[in-house]
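2 protein chains.
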Amino acid sequence: MTKILYVEDEPFLGKIVKESLESRGFEVCMVADGREVMAQFRAFEPTICVLDIMLPHRDGYTLAQDIRQVNPTVPIIFLTAKTQTEDVLKGFQNGGNDYIRKPFSMEELIVRIQNILNLTLQKKTTSTREGVVLGTYTFFPHKYELHRAEAIRKLSHRETELLSILAENRNSTVNRRDILKRVWGDDSFFNSRNLDVYITRLRDYFREDTTLEIVTLKGVGYLFKS
Amino acid sequence: MTKILYVEDEPFLGKIVKESLESRGFEVCMVADGREVMAQFRAFEPTICVLDIMLPHRDGYTLAQDIRQVNPTVPIIFLTAKTQTEDVLKGFQNGGNDYIRKPFSMEELIVRIQNILNLTLQKKTTSTREGVVLGTYTFFPHKYELHRAEAIRKLSHRETELLSILAENRNSTVNRRDILKRVWGDDSFFNSRNLDVYITRLRDYFREDTTLEIVTLKGVGYLFKS
DNA sequence: TGGCATTAACCTTAATTAACATTGTTTCAA
DNA sequence: TTGAAACAATGTTAATTAAGGTTAATGCCA
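Protein chains in written order, with our numbering: chain G, 119 to 344; chain X, 119 to 344.
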């Protein structure tokens, strides 16, 4: 599910926008105080940020810079009453990816959010029906099979799920918690140890191709290099 | 080089915009007649399209649809005097990726073009396949490896993060607090001592090349000289 | 009863914390 | 104005803790 971090200090407007976004199926975390944004950003791990510019304590530009320090790619949309070109430029210079002028319509906001998600997530729309080539192997998620030359290894359900996640995000890091949530539904201690076991198995399956590697990022997650 | 297909029927405005874009290093193909656009699109193979909406014979929305038929991913920016929300929506619904209101400044247009290119080409910039040469060493951030001659040292996640920051800003100072924020997420006391430990390690790794040095700027940060 | 999932036990390594050493900076009296 | 305390920031090394790896044993269910 798409998670939106929405920073807005006007409670009335904020409530309406939040509910409106939620009714479209987004998960929204609203923050009113600029000083709390970074803490929420880390905890919530949003897929996209919508920032009002005029805030008490910290303005939206500064927030964008802080976010960019931590995450150079998460999309950022500015929301503001300012209309001068120089403000728009400032928004982009500070790492923003879109700039919507107030008053805006919800439709426009939603359409711009979806557009930006389309642009950034384009890579992840990998094919489903065919196999995914991983080095000298070919992985068929829907068939639960991993092929190499003439050898076919049947994979279990959990193995397939885990490998699908790694393959979708290959050459970029995957959060450990995200894997646990998607494969086991939660990230309790025992499931966590479980993931270790499956990672070991997958490493074993890919042992014959040394160009492939599942790298551990301790305290973070994994990276499937190919 | 980035190729822009620019569709505009006002010759005077068109000339200015075209030259302005070219002076920024873009290759521009300008088309005034909507009926010629598709032919030019196929021949020129642009990386991005900038479309005026109000055109004789065919409007920009229709053009966008035609382009999407042939190419579902090429970024499209609309340029128009219309300001109604419904026009903006129409733009996105027809496959557009940004919508700039006339009158616009060249700066804004350029910054929006660059932004959209960043978003779509992110994968290419993020996963820099090559290594960074640091003296007699070569650093491969995506592989978590530091090479020197035949020796390969595997780096941990934190080591890689820290070295990436230093390497990106080599021969210029990096703020201590900025490093802490990016590697550890905050700049508390304990993390601060942590950074010292990792700096020591990196110094150790680079000991064999005396032309490289991590200089401490007390009270400020570090400077990676090479 | 065989295959998968889970739990457990023990091992390895990275990350953190601690303790103590060193260096740079400031301050204030002589 | 100088130079020795006093202090603060950072360096170094070692100890500790926590995360993850591996392998084996157990549980579970068709």
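By construction, the Cβ of each residue, glycine as well, lies at the ideal position given by its N, Cα and C atoms.
Excluding the five sequence neighbours on either side, which residues of its own chain have a C-beta within less than 6 angstroms of the C-beta of residue i, listed in chain order?
i: residue 271 of chain X; result: 264
i: residue 250 of chain G; result: 257 and 285
i: residue 130 of chain G; result: none
i: residue 331 of chain G; result: 343
i: residue 219 of chain G; result: 201
i: residue 199 of chain X; result: 220
i: residue 268 of chain G; result: none
i: residue 337 of chain X; result: none
i: residue 217 of chain X; result: 196, 206 and 209
i: residue 173 of chain G; result: 127 and 152
Do residue j and residue i come within 8 angstroms of each other at the CB atom, strictly closer than that value?
i: residue 179 of chain X; j: residue 209 of chain X; result: yes
i: residue 177 of chain X; j: residue 197 of chain X; result: no
i: residue 215 of chain G; j: residue 233 of chain X; result: yes
i: residue 150 of chain G; j: residue 127 of chain G; result: yes
i: residue 192 of chain G; j: residue 228 of chain G; result: no
i: residue 335 of chain G; j: residue 275 of chain X; result: yes
i: residue 321 of chain X; j: residue 187 of chain G; result: no
i: residue 146 of chain G; j: residue 136 of chain G; result: yes
i: residue 280 of chain G; j: residue 323 of chain G; result: no
i: residue 238 of chain G; j: residue 262 of chain G; result: no
i: residue 248 of chain G; j: residue 207 of chain X; result: no
i: residue 302 of chain G; j: residue 287 of chain G; result: no
i: residue 231 of chain G; j: residue 213 of chain G; result: no
May I ask you to report which of helix, strand or coil DSSP gives residue i?
i: residue 283 of chain X; result: helix
i: residue 333 of chain G; result: strand
i: residue 227 of chain G; result: helix
i: residue 265 of chain G; result: strand
i: residue 145 of chain X; result: strand
i: residue 152 of chain X; result: helix
i: residue 256 of chain X; result: strand
i: residue 341 of chain X; result: strand
i: residue 271 of chain X; result: strand
i: residue 238 of chain X; result: helix
i: residue 278 of chain X; result: helix
i: residue 327 of chain G; result: coil
Over the uninterrupted alpha helix (DSSP H) stretch that includes residue i, give me the two end residues.
i: residue 181 of chain X; result: 178–188
i: residue 132 of chain X; result: 129–141
i: residue 209 of chain X; result: 203–211
i: residue 219 of chain X; result: No alpha helix (DSSP H) contains residue 219 of chain X, which is instead part of the beta strand (DSSP E) from 216–219.
i: residue 301 of chain X; result: 294–302
Between which two residues does the beta strand (DSSP E) containing residue i stretch?
i: residue 323 of chain G; result: No beta strand (DSSP E) contains residue 323 of chain G, which is instead part of the alpha helix (DSSP H) from 307–323.
i: residue 200 of chain G; result: Careful: residue 200 of chain G lies outside any beta strand (DSSP E) and carries neither H nor E.
i: residue 122 of chain X; result: 121–125
i: residue 222 of chain X; result: Here residue 222 of chain X belongs to no beta strand (DSSP E), and DSSP marks it neither H nor E.
i: residue 168 of chain G; result: 166–170
So, at 7 angstroms on beta carbons, what are the nonlocal neighbours of residue i in its own chain, with the 5 sequence-adjacent residues on each side left out?
i: residue 282 of chain G; result: 259
i: residue 333 of chain X; result: 340, 341 and 343
i: residue 181 of chain X; result: 125, 152, 155 and 169
i: residue 144 of chain G; result: 120 and 122
i: residue 242 of chain X; result: The predicted model places residue 242 of chain X with a pLDDT of 42, which falls under 50 and marks its position as unreliable; any figure quoted below should be read in that light. Contacts found: none.
i: residue 252 of chain X; result: 285, 330 and 344
i: residue 310 of chain G; result: 298
Within a Cβ cutoff of 8 angstroms, which residues of the same chain sit near residue i, ignoring the five residues on either side of it in sequence?
i: residue 339 of chain G; result: 291, 292, 293, 294, 295, 296 and 297
i: residue 326 of chain G; result: 254 and 266
i: residue 163 of chain X; result: 121
i: residue 142 of chain G; result: 228
i: residue 314 of chain X; result: none
i: residue 222 of chain X; result: 197
i: residue 158 of chain X; result: 123, 147 and 149
Selection of the region 291–304 of chain X by Cβ proximity to chain G, strictly under 7 angstroms: Those would be 296, 299, 300 and 303, in chain order.
Residues from the region 176–187 of chain G in contact with chain X, defined by Cβ distance under 7 angstroms: Of all residues in the region 176–187 of chain G, 187 have a Cβ within less than 7 angstroms of some Cβ in chain X.
Members of the region 222–239 of chain G near chain X, C-beta cut-off 9 angstroms: Those would be 222, 223, 225, 226, 229, 230, 232, 233, 234, 236, 237 and 238, in chain order.
Contact list for the region 150–176 of chain G against chain X, Cβ threshold 7 angstroms: Along the region 150–176 of chain G, going in chain order, the ones with a CB nearer than 7 angstroms to a CB of chain X are 160.
Interface positions of the region 195–210 of chain X facing chain G (Cβ-Cβ less than 7 angstroms), listed along the chain: Per Cβ criterion, the list reads 203, 206, 207 and 210.
Contact set between the region 255–272 of chain X and chain G, restricted to residues whose Cβ is under 8 angstroms from the partner: So the close ones are 260, 261 and 262.
Contact residues within the region 329–340 of chain G, judged by C-beta distance below 9 angstroms to chain X: Per Cβ criterion, the list reads 331, 333, 334, 335, 336, 337 and 338.
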